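Participant: To start, I am sharing the structure in question, which I have written as structure tokens.
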Amino acid sequence: VQAFFRLLKSLPFGERQMRRVYLALSLGIIVLGKIHIAATPRYFTQLTSASVWFASGGLAMILTGALNILRRRYGAVAPGLRVVCVAANVVMTSFALVAGDAGKASAVEFLLVLILVGGATVFSLLPAAQQPASGASGAA
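Quick note: the sequence shown, position 93, residue 271 per the working numbering, numbers continuous.
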């Protein structure tokens, strides 16, 4: 695990680029969640418990993306937010693996979700991907 983080730190981009990538991943999760909710009527013609559960998956994605944006912005001054965000990302990544397998997702669908949610998980663990404490009240 430590070797993995050393590798990430050695990548040729700085903190500003890391924050941008983390923001892009977080926004991508939100967009994916909106698409998931919008697709509900395509897969379910009636309001059933299954359709509500399907739509709630999109809602969970939207909230996870929003939590990552908050962690990116305020994680340096809110350590509890960091812990909750990392936990949410680990749970959502694990759930995405199970759901993708159970739902027989295509390789492209599987890869897209894992890049977004798995990538956000990795960036949520990196202090360099959040705003510095001194800039927590300034512009992103």
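Glycine residues also receive a C-beta, built at the ideal position from the N, C-alpha and C atoms. Every value quoted in this text rests on a predicted model; they were computed, and no experiment measured them.
So, helix, strand or coil for proline 219, using DSSP?
Facilitator: By 1-based counting over the sequence shown, the position of residue 219 is 41. It is helical.
Participant: In chain order, what residues of the same chain lie with their CB nearer than 7 Å to the CB of serine 272, ignoring the 5 residues before and after it?
Facilitator: Start at 1 with the first residue of the sequence shown, and residue 272 comes out as number 94. Cβ within range, chain order: n/a, list empty.
Participant: Here's a check: name, in chain order, each residue in its chain whose Cβ is nearer than 7 Å to the Cβ of serine 302, leaving out the five neighbours to either side.
Facilitator: Residue 302 sits at position 124 when you count from the first residue of the sequence shown. Cβ within range, chain order: Asn246, Arg249, Cys263, Val264, Asn267.
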